[in-house]
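Asks: Numbers 1 to 401, taken from the UniProt record's numbering, label the letters of the sequence shown in order.
Okay, handing you the structure first.
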Amino acid sequence: MAGFDYDLAIAGGGIVGTLLACALRDSGLRVALIEARPRTAGLSRRQAYAVTLLSGKIFQGLGLWQEILPKITTFCQIRLSDADYPHAVRFLPEDLGTEALGYVAEHNVIMQALYECLDNSPNITELCPAEVVQAHYQPDGVELQVKVEGETRLIRTRLLVAADGSRSPIRQEAGIRTRGWKYWQSCITCVVQPEKEHGSIAYERFWPSGPFAILPLPGNRCQIVWTAPHAEAKAMADLDDGAFLTELSRRYGDQMGKLSLASDRYVFQVQLMQSDRYTLSRLALVGDAAHCCHPVGGQGLNMGIRDAAALAQVLLQAHQKGEDIGGLKVLRRYERWRKLENLTILGFTDFLDRCFSTNWLPLVIIRRLGLWLMRTLRPLKYFALRLMTGQTGRSPQLARH
Ligand SMILES: Cc1cc2nc3c(=O)[nH]c(=O)nc-3n(C[C@H](O)[C@H](O)[C@H](O)COP(=O)(O)OP(=O)(O)OC[C@H]3O[C@@H](n4cnc5c(N)ncnc54)[C@H](O)[C@@H]3O)c2cc1C
Numbered sequence: 001m002a003g004f005d006y007d008l009a010i011a012g013g014g015i016v017g018t019l020l021a022c023a024l025r026d027s028g029l030r031v032a033l034i035e036a037r038p039r040t041a042g043l044s045r046r047q048a049y050a051v052t053l054l055s056g057k058i059f060q061g062l063g064l065w066q067e068i069l070p071k072i073t074t075f076c077q078i079r080l081s082d083a084d085y086p087h088a089v090r091f092l093p094e095d096l097g098t099e100a101l102g103y104v105a106e107h108n109v110i111m112q113a114l115y116e117c118l119d120n121s122p123n124i125t126e127l128c129p130a131e132v133v134q135a136h137y138q139p140d141g142v143e144l145q146v147k148v149e150g151e152t153r154l155i156r157t158r159l160l161v162a163a164d165g166s167r168s169p170i171r172q173e174a175g176i177r178t179r180g181w182k183y184w185q186s187c188i189t190c191v192v193q194p195e196k197e198h199g200s201i202a203y204e205r206f207w208p209s210g211p212f213a214i215l216p217l218p219g220n221r222c223q224i225v226w227t228a229p230h231a232e233a234k235a236m237a238d239l240d241d242g243a244f245l246t247e248l249s250r251r252y253g254d255q256m257g258k259l260s261l262a263s264d265r266y267v268f269q270v271q272l273m274q275s276d277r278y279t280l281s282r283l284a285l286v287g288d289a290a291h292c293c294h295p296v297g298g299q300g301l302n303m304g305i306r307d308a309a310a311l312a313q314v315l316l317q318a319h320q321k322g323e324d325i326g327g328l329k330v331l332r333r334y335e336r337w338r339k340l341e342n343l344t345i346l347g348f349t350d351f352l353d354r355c356f357s358t359n360w361l362p363l364v365i366i367r368r369l370g371l372w373l374m375r376t377l378r379p380l381k382y383f384a385l386r387l388m389t390g391q392t393g394r395s396p397q398l399a400r401h
């Protein structure tokens with residue numbers, strides 16, 4: 001341990017990096033969490049996520065669920081439909097044998113709970129705002145140059161975890177290649193307030209231009225996640241509020257009455273990306289730094305939460321056995337666990353988007369047959385639900401209680 005300031009340093013204090021730090025409290029490991037933006041940025045980010053049952057269990061395992069659950073929506077129905085085709089597939093908790101199908105949580109609610117956890121974890125040092133500007137990898141550790149309040153500090157750690165988002169400067173600097181593509185679609189998000197009760201129902205509606213999701217939020221608000229070809233998305237984003245709401249209502253339908261805008265509109269580039277490796281000696285990638293997917297099905301953050309829980313478990317077990325937590329032998333256990341599972345989800349979201357974002361008649365017939373089969377065959381519905389709610393693959397111990 002001599003000569004090391006920390007056992008591990010996490011670069012990036014978004015939800016995934018901060019959750020990893022929290023999962024390592026009480027581990028006996030000295031953890032540095034380095035985040036470029038101040039906490040106020042984390043608490044003011046306007047984004048809501050579909051949170052799977054498994055992610056909910058991980059928050060439960062961390063002891064944060066009592067703090068989060070009263071401030072989020074638990075949805076008890078998902079309606080999946082193909083454009084105007086009237087026969088929607090309705091997923092209910094009894095199809096899965098659970099009490100709920102998932103949750104919708106806002107970024108600030110999750111971050112607030114994670115920050116409280118950090119504040120009560122003496123083994124975690126939070127450097128924020130602070131930026132990792134360079135990493136020098138050595139056989140036994142990593143030397144980091146960290147910019148804090150205009151000064152550059154040198155930090156030595158046995159392991160660096162990159163949780164620094166999809167562009168991950170750390171991944172790029174380490175020479176880890178990625179595979180994937182940018183979609184022909186962009187994603188518009190906003191929050192609306194419908195006139196009628198949303199009834200805690202989540203909708204995923206597939207238009208030929210792209211998937212359109214309505215996620216119920218507390219206070220009878222709804223998060224819209226709307227993908228459309230770039231030009232169409234830009235045109236929608238440029239409309240004035242009235243014209244935008246008219247276009248939105250055409251996709252949304254009239255089941256919830258008149259809509260009013262309750263937030264600004266944001267436009268995101270959509271991409272699929274998988275890193276060739278999640279680990280090198282002294283380096284591990286988690287969350288969007290390792291992979292990104294299309295927002296259909298709301299899986300991106302959930303994959304990152306699972307990465308963080310899995311890596312924490314691998315590191316904890318290695319530390320208890322006296323192994324070197326930054327050694328490739330230990331880190332490969334995490335990579336073997338998560339890489340293939342994430343690839344399955346990336347493939348699933350890509351399949352959904354390509355299969356539904358088209359008017360090509362043979363595919364329209366096949367997918368409507370698929371939806372009919374899903375309405376009729378319970379095992380098929382059960383399998384789709386298990387995949388969407390994070391019940392497939394290996395569960396981290398944090399989620400088993
Ligand atoms: C439109 C849209 C809708 C989505 N909806 C859903 C959904 O419903 N459900 C879902 O599961 N997922 C969803 N996602 C995906 C989800 O937003 C991401 O997967 C998730 O936010 C990634 O979290 P992260 O912590 O890995 O990365 P980020 O949130 O990008 O955090 C990275 C952090 O690293 C910091 N950082 C970067 N460089 C450095 C550095 N050098 N030093 C220090 N700090 C640094 C940044 O400041 C940032 O805070 C959606 C994505 C989009 C675009």
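Each residue gets a CB set at the ideal place from its N, CA and C atoms; glycine is no exception.
Remember, it's a predicted structure, so these values are computed and weren't measured experimentally.
1. Are at least three pairs of beta-carbons, each pair with one atom in the region 347 to 358 and one in the region 288 to 305, less than 8 Å apart?
2. Output needed for residue 299: all residues of its chain with C-beta closer than 7 Å, excluding positions within five of it in sequence on either side, in chain order.
3. Thinking C-alpha only, which one of 267, 338 and 393 is nearest residue 237?
4. Pull the bridge partners of residue 136 from the DSSP assignment, please.
5. Report buried or exposed for residue 342, applying the criterion of at least 16 other Cβ atoms within 10 angstroms of its Cβ.
6. When the distance is taken between beta carbons, is residue 326 closer than 8 Å to residue 159?
7. Going by DSSP, what residue range makes up the alpha helix (DSSP H) through residue 355?
8. Per DSSP, residue 185 forms a beta bridge with which residues?
9. How many Å lie between residue 221 and residue 195 at the Cα?
10. Tell me, to the nearest whole angstrom, how far the beta carbon of residue 12 is from that of residue 163; I am working on the premise that it is less than 8 Å.
11. Just to confirm, is the Cβ distance from residue 71 to residue 208 under 8 Å?
12. Given residue 1, which residues of its chain have a CB within under 7 Å of its CB, disregarding the five upstream and five downstream residues?
13. Is it buried or exposed, residue 369, if we count other Cβ atoms within 10 angstroms and call 16 or more buried?
14. Could you check whether the Cβ of residue 264 sits closer than 7 Å to any heavy atom belonging to ligand 1?
15. Please confirm whether any heavy atom of ligand 3 lies closer than 7 Å to the CB of residue 360.
16. Please find out if some non-hydrogen atom of ligand 1 comes closer than 7 Å to the beta-carbon of residue 246.
17. I need the boundaries of the beta strand (DSSP E) containing residue 216, first residue and last residue.
18. How is the beta strand (DSSP E) around residue 88 delimited, first residue to last?
19. Would you say residue 23 and residue 398 are within 8 Å of each other, going by their C-beta atoms?
20. Look at the alpha carbon of residue 65 and the alpha carbon of residue 88, and state the distance between them as a whole number of angstroms.
21. What are the partner residues of residue 194, as DSSP defines its beta bridges?
Replies: Reading off the structure:
1. yes
2. 293, 345 and 349
3. 267
4. 143
5. buried
6. yes
7. 328 to 356
8. 229
9. 10 Å
10. 4 Å
11. no
12. Residue placement at residue 1 is poorly supported in this model, since its pLDDT is 45, which falls under 50; the coordinates are not used for a value here.
13. exposed
14. no
15. This structure simply doesn't include ligand 3; it includes ligand 1 instead.
16. no
17. 210 to 217
18. Element bounds for residue 88: n/a, residue is neither H nor E.
19. yes
20. 32 Å
21. 259
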